[in-house]
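A short write-up of the structure that comes next.
Residue numbers (the UniProt record's numbering): 1 to 443.
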């Protein structure tokens, strides 16, 4: 159901009036009317969340989306946005005002949210005909994207803030997106990314996940892998521009740029098997597992039941350093960095830039695991960082775990560093155990 005046055709193709001079003027922007319990302010914009599902903690993810959309508008001088599951409409409102979108299609399947969405978006003049700025519909998201594809009216930016591990919209989203456009995907299924529902993960994303130490990172790679698979079927390929994990929910968000043509065979974007720890029990991946084991562990004696295989998963870079630098520069221009919440956004973007080195392997190992292997107490995180800085390595903070550290080091090398650098440990004081500390290592 369309919550605007009815159309004979798609809302993207309104009927042209016989007398354009009779068009009524657009109404002036009006502040949203709301219950004070549902009234919020984000980046200076006031809006009503009503009875929709809204989380204040997701503001960082919305900030990242707005920055990306604004960069696309700056580069391509055009920005058509689809907010496929818009909720209360705050993302749509921010795309209109902050990213200066030319057109935003705000869709939410729940018709009961219509008044709230219209109230929030009324802060921006709607416009008419070819100058229409926004439209609100209450349809299935796939139907909206199919309508766009049929009428060849493609979007530059599609934001799908879905719940759980719903991936049914991926192919429709690729069809509705312009080449070079951006697809902002979401997953909130931490149980699946933790390897506890491998069959469900296989059905949703084409990857069989088992429990591993770095499930938060795997959640991002799982989501990208599903998109890579669907894009490949259509003859496209995707490039991750950034990948963001937030503990609340949890929430996994990735921004992908869609390009024509498939990746070359030697590309870092290839999906491969990840071989680590525990047990292989699935018959579905038996052939691929055997090939992977002999290729990766040829000549090595493996203890029966000591290996876990998950995959296929995306194993390439999670971010683009160049793109993130542009986002950080824009955030600074807008005054979104500095003290308070701006400091958190600035810190996050810089962490993502540090993580963008394509030479860094995937995954990480917790310091407690390292200490257990070395039979010592966990050294302080700063102590371990100081030791790693003394030798050639790539190191960065891992946003997937608080106070986490990642290094391009093997487990044995990290163990040696943790036991040999006694001077630094003594200077730093008593050792401590922190379950959130982590060191990234190749296994």
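By construction, the Cβ of each residue, glycine as well, lies at the ideal position given by its N, Cα and C atoms.
Residues near residue i by beta carbon distance below 6 Å, same chain, minus five either side
i	result
residue 202	208
residue 95	69, 81, 101, 104
residue 163	188
residue 297	Residue placement at residue 297 is flagged as unreliable, the pLDDT there being 46, under the threshold of 50; a coordinate-derived value is accordingly withheld.
residue 213	none
residue 346	337
residue 178	154, 156
residue 132	none
residue 323	241
residue 166	none
Beta-carbon proximity of residue i to residue j, cut-off 9 Å
i	j	result
residue 221	residue 313	yes
residue 136	residue 89	yes
residue 219	residue 245	yes
residue 176	residue 228	no
residue 40	residue 46	yes
CA nearest to the CA of residue i, picked from the options
i	options	result
residue 66	156, 129, 114	156
residue 259	346, 142, 215, 241	241
residue 108	331, 77, 142	142
residue 189	178, 182, 161	161
residue 111	140, 127, 131, 129	140
residue 348	261, 49, 64	64
residue 171	246, 186, 233, 184	233
residue 247	195, 60, 308	60
residue 57	45, 251, 350, 210	251
residue 130	147, 343, 211, 153	153
residue 309	210, 114, 200	210
residue 42	51, 50, 62	62
residue 253	216, 235, 237	216
residue 121	146, 91, 128	91
residue 362	318, 126, 249	318
residue 126	149, 113, 97	97
residue 311	185, 44, 124, 204	204
DSSP bridge partner residues for residue i (one or two, in chain order)
i	result
residue 333	Answer is none; residue 333 lacks a bridge partner.
residue 83	106, 159
residue 40	47
residue 359	Paired residues: none, contrary to the question.
residue 240	256
residue 186	253
residue 245	252
residue 208	311
residue 135	105
residue 177	155
Residues of its chain near residue i, where Cβ-Cβ distance is below 7 Å and the 5 sequence neighbours each way are ignored
i	result
residue 53	87
residue 74	none
residue 71	326, 327, 330
Chain-order list of residues whose beta-carbon lies under 8 Å from that of residue i (same chain, five-residue window excluded)
i	result
residue 320	239, 240, 241, 242, 356
residue 182	68, 69, 72, 156, 157, 158, 241, 255, 256, 257, 258
residue 168	142
residue 262	232, 235, 236, 237
residue 146	172, 175, 176
residue 196	211
Whole-Å CB distance - residue i paired with residue j, under 8 Å assumed
i	j	result
residue 225	residue 158	Their Cβ separation, rounded to whole angstroms, is 19 Å, which puts residue 225 and residue 158 out of contact at 8 Å.
residue 325	residue 365	That belief does not hold up - the Cβ atoms of residue 325 and residue 365 are roughly 29 Å apart, past 8 Å.
residue 257	residue 180	7 Å
residue 174	residue 231	6 Å
residue 48	residue 119	6 Å
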